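One structure is given below, encoded as structure tokens.
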DNA sequence: AATACGGGGTA
DNA sequence: TACCCAGTATT
């Protein structure tokens, strides 16, 4: 597995020495509070530190411990998460906070095995918490570690090949400093993020370059081979922004296991045919439509969004319009008829579209970035 | 074993 | 533009 001429313990030693000497960018880990470590790890999943840091600060300030997070409303949590993406992380965060607070007396499990059972905590996060907070000798293998080990041991295709991925894990176990797993794990991740970067790694200042096969052969750019890209699917969405005579509009909560689950958007059509029928009907009424198109590119799909804004009498007339366009009935209630999230959830089976004052939109409800982008272009001033 | 799930940063 | 990111849950 490893080159016997180069004992791995000195690789680990070099790494730890380097880690001890340079400034750590994640100070909240120092006190090893499982709640804070957990919170930061969830926020940082698939997220750069600079992007996640302000979110962590806001969460830690608003919810200093697991009980305060558990007692929060889910919509409130999603609101604080707004814009960060992968919203199931926020829903699972809240679910797990309630579980730890209510069933475990506020104490997180101490082992990777038990941490792993909590919602939103997988292989990586359980290992990170167990090693950092409880000094359990388990390695973390994230994207950084994968890249570092791929280069050191010349394992080319760990991102696509299961067998090679397993090799990476074995090396990670072998390298781990069992007397200091928390620091070691942070050290190897930080090496990947600061030195052993995907592009232009800084091998000249790398503390373990003398152990690195890719550096030795000047082939760092070939390791690891890029992950096979998935085809982005195009998808058209037509958001409807009716402006009622009373100055209100409509909002809907997304409940399907689709994108933006748990967030709020304008009611939308996803069939070209339905959109055309709606446009035709509005034209008959001599009702002008203002259309703004936005192309929203995500990692797995390209959303072509048309925002259709139009003036209409009231929600009753909108129901007729919707019915005409889609052939489906809808039931729309007033926002102030909903006093809590619970009401909203129980109402969802019938209809989850509700009438709302423009001002309320930004304050109470978590919106996808796409909707925020639209509102930046076209604010919803009252008429 | 694949696929879905956001959004922003970087070269 | 293409790729990557301190991954997990679902299918």
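In the working numbering, the protein residues as written are 1 to 383.
By construction, the Cβ of each residue, glycine as well, lies at the ideal position given by its N, Cα and C atoms.
Predicted model only: the values in this text are computed from it and were never measured.
Where does residue 114 fall in DSSP's three states? In the first chain, residue 114 corresponds to position 114, counting from 1. In this structure, residue 114 counts as helix in the three-state DSSP scheme.
Given a threshold of 16 other Cβ atoms within 10 Å of its Cβ, counted over all protein chains shown, does residue 127 qualify as buried or as exposed? The count along the first chain starts at 1 and reaches residue 127 at position 127. Buried is the label assigned to residue 127, since at least 16 other Cβ atoms lie within 10 Å of its Cβ.
Could you tell me whether the region 169-183 touches the region 196-216, using the rule of 3 or more Cβ pairs below 8 Å? No, the region 169-183 is not in contact with the region 196-216.
Nearest candidate by alpha-carbon position, reference residue 131, set 79, 184, 352, 121: Mapped onto the first chain, residue 131 falls at position 131. Relative to the Cα of residue 131, the nearest Cα in the group 79, 184, 352, 121 belongs to 184.
Measure the CB-CB distance between residue 59 and residue 39 and report whether it falls below 7 Å. Here residue 59 refers to the residue found at position 59 when the first chain is read from its first residue. Here residue 39 refers to the residue found at position 39 when the first chain is read from its first residue. Taking 7 Å as the Cβ cut-off, residue 59 and residue 39 qualify as a contacting pair.
Within this structure, are the beta carbons of residue 263 and residue 277 separated by less than 7 Å? Taking the first residue of the first chain as 1, we reach residue 263 at position 263. Taking the first residue of the first chain as 1, we reach residue 277 at position 277. No, these two residues do not count as a Cβ contact at 7 Å.
Just to confirm, is the Cβ distance from residue 366 to residue 112 under 7 Å? As a first step, residue 366 must be located in the first chain, where it is residue number 366. As a first step, residue 112 must be located in the first chain, where it is residue number 112. In this structure, residue 366 keeps its C-beta atom at 7 Å or more from the C-beta atom of residue 112.
With 16 other CB atoms within 10 Å as the buried threshold, where does residue 265 fall? The residue you call residue 265 lines up with position 265 of the first chain. Note on residue 265: 16 or more other CB atoms within 10 angstroms of its CB, so buried under the neighbour-count rule.
Complete beta strand (DSSP E) runs within the region 241-300 (minimum length 3 residues, chain order): Qualifying beta strand (DSSP E) stretches, in chain order: 248-253, 289-297.
What does DSSP give as the partner residue(s) for residue 306 in the beta ladder? Here residue 306 corresponds to residue number 306 of the first chain, with the count starting at 1. Paired residues: 238, 293.
If you count every other CB in all the chains shown that lies within 10 Å of the CB of residue 291, and 16 or more means buried, which is it? As a position in the first chain, residue 291 is number 291, starting the count at 1. Result: exposed.
Rounded to the nearest angstrom, how far is the Cβ of residue 310 from that of residue 294, given a contact under 8 Å? Taking the first residue of the first chain as 1, we reach residue 310 at position 310. Taking the first residue of the first chain as 1, we reach residue 294 at position 294. Between residue 294 and residue 310 the Cβ distance is about 17 Å, and since that is not below 8 Å, they are no contact.
Coil, strand or helix - residue 134 by DSSP: Counting from 1 along the first chain, the entry for residue 134 is found at position 134. Residue 134 carries a helical assignment under DSSP once its states are collapsed to helix, strand and coil.
Between the beta-carbon of residue 155 and the beta-carbon of residue 212, is there less than 7 Å? As a first step, residue 155 must be located in the first chain, where it is residue number 155. As a first step, residue 212 must be located in the first chain, where it is residue number 212. Inclusion of residue 155 and residue 212 in the CB contact set at 7 Å is not warranted, their separation being larger than that value.
Smallest Cα separation from residue 303: which of 48, 234, 369? The residue you call residue 303 lines up with position 303 of the first chain. The option with the nearest alpha carbon to residue 303 is 234.
With DSSP collapsed to three states, give me the class of residue 233. By one-based count along the first chain, residue 233 stands at place 233. Strand at residue 233.
Please name the residue or residues paired with residue 357 in a DSSP beta bridge. Mapped onto the first chain, residue 357 falls at position 357. Beta-bridge pairing links residue 357 to 248.
Sheet register partners of residue 205 (DSSP bridge): Reading the first chain from its first residue, position 205 is the one you call residue 205. As DSSP reads the structure, residue 205 sits in no beta bridge.
CA-to-CA distance, residue 364 to residue 376, given in whole angstroms: Taking the first chain and counting its residues from 1, the one referred to as residue 376 is at position 376. Taking the first chain and counting its residues from 1, the one referred to as residue 364 is at position 364. Taking the straight line joining both Cα atoms gives about 17 Å.
Between the C-alpha atoms of residue 329 and residue 273, what's the straight-line distance to the nearest angstrom? Your numbering for residue 329 matches position 329 in the first chain. Your numbering for residue 273 matches position 273 in the first chain. Rounded to the nearest angstrom, the gap between the Cα atoms of residue 329 and residue 273 is 17 Å.
Go through its chain and collect everything with a Cβ distance to residue 147's Cβ below 8 Å, but skip five positions before and after it. For the purposes of this step, residue 147 is taken as the residue at position 147 of the first chain. Spatial neighbours of residue 147 in its own chain (CB-CB distance under 8 Å, excluding positions within 5 residues in sequence) are listed in chain order as 192, 196, 198, 223, 224.
Best match in 353, 280, 298, 241 for proximity to residue 259 [C-alpha to C-alpha]: By 1-based counting over the first chain, the position of residue 259 is 259. Relative to the Cα of residue 259, the nearest Cα in the group 353, 280, 298, 241 belongs to 298.
Enumerate, from N- to C-terminal direction, the unbroken alpha helix (DSSP H) stretches of 4 or more residues contained entirely within the region 137-172. The alpha helix (DSSP H) runs lying completely inside the region 137-172 and spanning 4 residues or more are 143-152, given in chain order.
How is the beta strand (DSSP E) around residue 332 delimited, first residue to last? Your numbering for residue 332 matches position 332 in the first chain. For residue 332, the uninterrupted beta strand (DSSP E) run begins and ends at 332-334, by DSSP.
Cα-Cα separation between residue 380 and residue 85, rounded to whole angstroms: On the first chain, residue 380 is found 380 positions in, with the first residue counted as 1. On the first chain, residue 85 is found 85 positions in, with the first residue counted as 1. Each residue's CA atom was taken as its position, placing residue 380 and residue 85 some 24 Å apart.
Would residue 353 and residue 226 qualify as a contact pair, given that the criterion is a beta-carbon distance under 7 Å? Your numbering for residue 353 matches position 353 in the first chain. Your numbering for residue 226 matches position 226 in the first chain. Note that the C-beta distance between residue 353 and residue 226 is not below 7 Å.
One question on the structure: do residue 34 and residue 99 come within less than 7 Å of each other, judged by their Cβ atoms? On the first chain, position 34 is the one that residue 34 refers to. On the first chain, position 99 is the one that residue 99 refers to. In this structure, residue 34 lies away from residue 99, with their beta-carbon atoms at least 7 Å apart.
Pairwise C-alpha distance: residue 305 and residue 73: Position 73 of the first chain, counted from the start, is the residue given in the question as residue 73. Position 305 of the first chain, counted from the start, is the residue given in the question as residue 305. A straight line joining the alpha-carbon of residue 73 with that of residue 305 spans about 30 Å.
Do the region 64-79 and the region 87-95 meet, that is, are 3 or more Cβ pairs less than 8 Å apart? Contact holds between the region 64-79 and the region 87-95, because three or more Cβ pairs, one in each stretch, are under 8 Å apart.
Would residue 133 and residue 66 qualify as a contact pair, given that the criterion is a beta-carbon distance under 7 Å? To locate residue 133, count along the first chain from 1; it is residue 133. To locate residue 66, count along the first chain from 1; it is residue 66. No, the Cβ-Cβ distance between residue 133 and residue 66 is not below 7 Å.
Could you tell me if residue 101 is buried or exposed, where buried requires 16 or more neighbouring beta carbons within 10 angstroms of its beta carbon? If you number the first chain from 1, residue 101 lands on position 101. Buried.
From 106, 161, 188, residue whose alpha carbon lies closest to that of residue 145: For the purposes of this step, residue 145 is taken as the residue at position 145 of the first chain. Answer by Cα proximity: 188.
Could you work out which residue in 301, 135, 194 is closest to residue 229 when comparing CA atoms only? Sequence index remark: in the first chain, residue 229 carries index 229 (1-based). Of all alpha-carbon atoms in 301, 135, 194, the one lying nearest the alpha-carbon of residue 229 is that of 301.
Pull up the distance between the alpha-carbon of residue 357 and that of residue 252, whole angstroms please. Sequence index remark: in the first chain, residue 357 carries index 357 (1-based). Sequence index remark: in the first chain, residue 252 carries index 252 (1-based). If I take the Cα positions, the gap works out to 13 Å.
When you compare each of 157, 171, 114, 115 to residue 141 by their alpha carbons, which one comes out closest? Mapped onto the first chain, residue 141 falls at position 141. Residue 171 is the option with its Cα nearest to residue 141.
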